[in-house]
Amino acid sequence: AITAKSKGFNYYLTFDQDSTIPDLYVDNMKEAINTDPMIGIIGPVYYDINDGRYSRFPVMHNKLLVRREVFSDNEGIKDAMCIITSGALCRTSIFDEVGYFLNEYFIDYVDNEFCLRLLISGYRVCVYPKVVIQHALGNRKKKFGFSPTNYPYYRKYYVTRNRLHVWKKYFKYYPAFIAYDFSAFLLDLFRVVFLEKVK
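Residue 198 in full-length UniProt numbering sits at position 198 of the sequence shown; the count goes up by one each step and never skips.
If you want it as structure tokens, here you go:
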């Protein structure tokens, strides 16, 4: 991000190594983000090639309720609380206002922390459902109706460490999101203990 901005690029686009994008992806995402200068970051819907499901995004309905939702491809730009970094597009000018992605997070919750930082700065975090990418979230395999990520032990460590840091940092701003994420943590814990081979 620092290099992109220093070289004069106007946009910053992030990808994981296991993502596949459709034709005209960059043009469509640039068109979407430019519909509103207050969109801080925008991402696609992703189709998880491991478990065959479309992504669900945390949406705040009120100060007390955050719920995961699936957006259909006939909808326009939608607001969410967090999106994943793979496929996400932002303007490089945003880094002057809110700062860069946190290097100390290393791998997990970089996206969540940045999205929450954008929200408390007054920017929108958005999804453009008309654009879908294929993505592998961990090494998911459906088992008894659940889809554990099967992350290696070091990923579990970073997920938990960074998650706790996000809870502490943003609880006063978005307690409903932290409650939502705590329930996700309990579900992750259940899947690790009962469904994953690597504990």
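Cβ atoms here follow ideal geometry from the backbone N, Cα and C, with glycine treated the same way.
Bear in mind the structure is a predicted one, so any value in this text is a computation, not a measurement.
Which runs of the beta strand (DSSP E) at least 3 residues long sit entirely within the stretch 62-118? Give them in chain order. If you keep only unbroken beta strand (DSSP E) runs of at least 3 residues inside the stretch 62-118, you get 65-69, 89-91.
Can you tell me which of the three DSSP states Asp-16 falls into? Coil, per DSSP.
Residues near Tyr-100 by beta carbon distance below 8 Å, same chain, minus five either side: These residues qualify, in order along the chain: Ala-1, Ile-2.
Close Cβ partners of Tyr-47 (< 8 Å) along its chain, the five nearest in sequence each way excluded: Answer for Tyr-47: Arg-53, Tyr-54, Ser-55, Val-132, Ile-133, Gln-134, His-135, listed in chain order.
Assumed close pair Val-26, Ala-176 - CB separation to whole angstroms, cut-off 8 Å: Contact between Val-26 and Ala-176 does not hold, since the beta-carbon distance rounds to 34 Å and is not under 8 Å.
State the Cα-Cα distance for the pair Val-45 and Cys-126, rounded to the nearest angstrom. Rounded to the nearest angstrom, the two C-alpha atoms are 10 Å apart.
Rounded C-beta distance between Ile-84 and Ile-41? I'm assuming under 8 Å. Not quite, the Cβ-Cβ distance comes to about 11 Å (not below 8 Å), so this is no contact.
Distance between Ile-94 and Ala-179 (C-alpha atoms, nearest Å): So the two alpha carbons sit approximately 28 Å from each other.
When you compare only the Cα positions, how much space is there between Asn-10 and Phe-57? Those two C-alpha atoms are separated by around 27 Å.
Using the Cβ count rule (16 or more neighbours within 10 Å means buried), how would you classify Met-38? So Met-38 ends up on the exposed side.
When you compare each of Met-81, Asn-50, Leu-118, Ser-183 to residue 243 by their alpha carbons, which one comes out closest? Residue 243 lies beyond the residue range present for the chain, which begins at 1 and ends at 199; the question has no answer from this structure.
Just the Cα atoms here: how many angstroms apart are residue 204 and Asn-103? Within the shown structure, residues of the chain are numbered from 1 to 199, placing residue 204 beyond reach of any answer.
From Cys-90, Leu-64, Thr-35, residue whose alpha carbon lies closest to that of Leu-13: When each option's Cα is compared against that of Leu-13, the closest is Cys-90.
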